[in-house]
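Position 654 of the sequence shown, counted from 1, bears residue number 654 in the UniProt record's numbering, the numbering being contiguous throughout.
Read through the structure below, which is laid out as structure tokens, and then see the notes.
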Amino acid sequence: KLHSDLDKGVGTVKYTLSGDGAGTVFTIDETTGDIHAIRSLDREEKPFYTLRAQAVDVDTKKPLEPESEFIIKVQDINDNEPKFLDGPYAASVPEMSPVGAYVLQVKATDADDPTYGNSARVVYSILQGQPYFSIDPKTGVIRTALPNMDREVKEQYQVLIQAKDMGGQLGGLAGTTTVNITLTDVNDNPPRFPKSIFHLKVPESSHVGSAIGRIRAVDPDFGQNAEIEYNIVPGDGGNLFDITTDENTQEGVIKLKKPLDFETKKAYTFKVEASNLHLDHRFHSVGPFKDTATVKINVLDMDEPPVFSKPTYTMEVYEDTPVGTIIGAVTAQDLDAGSSSVRYFIDWKNDVDNYFTIDATEGTVATNELLDRESTAQYNFSIIASKVSNPLLTSKVNVIINVLDVNEFPPEISVPYETSVCENAKPGQVIQTVTAADKDLSPAGQRFSFRLSAEASNKPNFTVLDYRNNTAGIETRRNGYNRRQQELYFLPVVIEDSSYPVQSSTNTMTIRVCRCDSDGTILSCNVEAIFLPVGLSTGALIAILLCIVILLVIVVLYVALRRQKKKDTLMTSKEDIRDNVIHYDDEGGGEEDTQAFDIGALRNPKVIEDNKIRRDIKPDTLRFPRQRPPVEDNTDIRDFINQRLQENDVDPTAPPYDSLATYAYEGNGSVAESLSSIDSLTTEADQDYDYLNDWGPRFKMLADMFGEEESYNPDKVT
């Protein structure tokens, strides 16, 4: 209520209100000054309002007092319940945790005024989830309330939490939330086999490394706490098998380490131990975290291929052994209960296998061709054995046959076969040391002996010294040798080996007599060198010959260049009247031979030829008789050319066959200029041919021809 001291209660004062909520939330009675709330107030929306009030004269509208400001505070009441803004909650706690283990802290918010009364004082309690968990009423911390909660028994818990204001008193408002609590796994359970004995049946044909069975131990734990490691306890059959863990299923996979044989052993028994990989020391007191089970494996009999007595066979045979000789045998057996006969055959892969045969029943190997150790010293092939009862069941074995050497080749001298001796050699001088080689496979301690042949033993020139270490020396027996008398000596040397049968050969050594200096250095071994000057060395002779060759080459090049230069001078001369003469390298019949060339090229090139006969191919037709119409005395050169052109056009055998000589152009600088009168503007009567006599013998025929025509011309006035 507002009231001014100037208000006498006679209605002369008017009260006005302005500020927060004036007219919308609050209103004032203009006459009495009473302030009223016109709608509900919410402290949580706006806790206070600032208003201004003034008293105004009704008549003058002027303020009677200064404007005054005042605040209206909204007093709180408990109209808001506590709320869990982060709910619902999810939490986890390890299984087997002790009582009081921390789980989670929840918090509820009350919008009421915490400074006024107990409207905002919240108390927490559990409505659902006891007796497993508890909550602190003031802090909202949730803890375990029971010991040894087992995840394998129950993993998920749903706890309902209540928050109530007014300190939890009657009439207080409450809010709830849900907390989902999960027990996490710990390794508190050892693996256990569901049964103590596992029975497996395995075919004896199972391959090494293949899986032959699976066993499984159960661990109720989860994740890495449930990872199991399997091991075979050393004992019966443990060395034939191995076990690994399947990471996806945690099963123990039993694999075969060695082949099984039903005929050898029909059953195996061993123990398998399953244990956890990741142990928790807090639960060691529970007991050993492993379990053991027995595995019994029964081997199943299968129809198997024959088995050879050896993994590989090695045989020996002498070369040149007669065909059909047995050199060895292979043996294979059927070890199955119902033993079957075995058949043998060679695995043919190439022509090498054709050197041997095998008896299909006995398995004996024999030669099929003559063997030569020097060609092939060892043969390697395979033999296959198959069961008669089931030919598809086969086994293979490798056979190696070594060809033994027979002493069939005599020893021979190794290089060199030729040596030399100085003219001034002394008796007893060794001029060459020789060794021997044998194509046969020399046994240990093989010895070669050297000697002269019987026919050479009586000659006093050379002898052979056997050093008895598979070498020998060629020794001189004369005091000096003369090249003029004999340049070459041929020494037959007999070499004999120590094998059986003994083989020997006679090898002829060539000994050349050479000229040497006093130190024994060879100067020359050629016979021609005897006739050369004594003071001229070989190097000097080579230099002289080289100089002579160079001089000859220079002379030949000089002559060739001179000829080429002369020829070029003749061909390039501009004043030479033979500039356009085509040289055919053949000899004609003289000046009167007018049939050697086709002068049809003298025709005017503007004339179109109606008949074009190929002249580049010699025709096979018979030669037509050449008709030569007589030339009239008054026939000019045009008619003469046309007649010869017609004659050559109808004659398919007229030369040339493969070339065309063009005479239409005579070249620049011709003294006679053009001889043709086809394009001449003057007539025959205007021509004076006496000048042809001045051109020499080459134009004598033309001079006589045109001189005769001129003498027989009746129209010419002399």
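Where a beta carbon is used, it is the ideal one built from N, C-alpha and C, also for glycine.
Nothing here was measured: the structure is a model prediction, and the numbers come from that model.
Check                                                                                                                                                       : Outcome
Give the straight-line distance between the Cα atoms of Trp695 and Val553, rounded to the nearest whole angstrom.                                           : 47 Å
Please state the DSSP three-state secondary structure of Leu300.                                                                                            : strand
Which residue comes first and which comes last in the beta strand (DSSP E) that contains Glu204?                                                            : Looking at the DSSP string, Glu204 is not in any beta strand (DSSP E), and its letter there is neither H nor E.
For Phe26, is the classification buried or exposed, using 16 other Cβ atoms within 10 angstroms of its Cβ as the cut-off for buried?                        : buried
If I measure Cβ to Cβ from Arg39 and keep anything under 7 Å in the same chain, skipping five residues before and after, which residues do I get?           : Val25
Quick check: the stretch 510-518 against the stretch 438-455, are there 3 or more CB pairs under 8 Å?                                                       : no
Quick one: what does DSSP say Glu408 is sitting in, helix, strand or coil?                                                                                  : coil
Could you check which residue in Asn78, Ala91 and Pro501 has the C-alpha nearest to that of Gly117?                                                         : Asn78
Are three or more beta carbon pairs between the stretch 266-277 and the stretch 226-242 nearer than 8 Å?                                                    : yes
Can you look up Tyr691 in the DSSP assignment and give me helix, strand or coil?                                                                            : helix
Taking the Cβ atom as the reference point for each residue, do Asn248 and Asp221 lie within a distance shorter than 7 Å?                                    : no
Considering only C-alpha positions, which residue in the set Leu160, Glu44 and Ile126 is nearest to Ser119?                                                 : Glu44
In the structure shown, what three-state DSSP assignment does Asn239 receive?                                                                               : helix
So for Cys525, helix, strand or coil by DSSP?                                                                                                               : coil
Please state whether DSSP places Gly252 in a helix, a strand or coil.                                                                                       : strand
Name, in chain order, the residues that DSSP records as bridge partners for Val159.                                                                         : Val179
With a 10 Å radius around its C-beta and 16 neighbouring C-beta atoms as the bar for buried, classify Asp7 as buried or exposed.                            : buried
Since Glu423 contacts Tyr481 with CB under 8 Å, what's their CB separation in whole angstroms?                                                              : 5 Å
DSSP has Tyr318 in a bridge; who is on the other side?                                                                                                      : Leu404
Bridge partners of Asp57, per DSSP?                                                                                                                         : Val13
Return helix, strand or coil for Glu418, following the three-state DSSP convention.                                                                         : strand
Going by alpha carbons, who is nearest to Arg478 out of Ser499, Gln429 and Gln485?                                                                          : Gln429
Would you list the one or two residues that DSSP bridges to Cys547?                                                                                         : Partner(s): none; Cys547 has no beta bridge.
So for Ala199, helix, strand or coil by DSSP?                                                                                                               : According to the sequence as given, residue 199 is His; it is not Ala. In the structure shown, His199 sits in a strand (DSSP, three-state: E or B).
So the candidates are Pro131, Tyr132, Leu183 and Ala108; which of them puts its Cα closest to the Cα of Val123?                                             : Ala108
Taking the DSSP output, what are the residues bridged to Lys271?                                                                                            : Val233 and Thr294
For Pro82, tell me which candidate among Leu557, Gly172, Val218 and Leu541 has the shortest Cα-Cα distance.                                                 : Gly172
Which of helix, strand or coil does DSSP assign to Ala91?                                                                                                   : strand
Sorted by chain position, which residues of the same chain lie with C-beta nearer than 7 Å to Ser206's C-beta, five sequence neighbours on each side aside? : Ile212, Leu256 and Leu260
One question on the structure: do Pro88 and Thr182 come within less than 7 Å of each other, judged by their Cβ atoms?                                       : no
Does the distance from the C-beta atom of Gly66 to that of Val56 stay below 7 Å?                                                                            : First, the amino acid is wrong: residue 66 is Pro here, not Gly. Not in contact: Pro66 and Val56 (Cβ atoms no closer than 7 Å).
To the nearest angstrom, report how far apart Ile254 and Thr294 are at their CA atoms.                                                                      : 13 Å
Measuring CA to CA, which of Gln503, Leu335 and Tyr318 is closest to Val307?                                                                                : Leu335
By the DSSP assignment, the beta strand (DSSP E) with Phe450 in it spans what residues?                                                                     : Ser449 to Leu452
If we ignore side chains and look at the alpha-carbon of each, how far apart do Asp34 and Gly19 end up?                                                     : 16 Å
Between the stretch 392-399 and the stretch 300-317, are three or more C-beta pairs nearer than 8 Å?                                                        : yes
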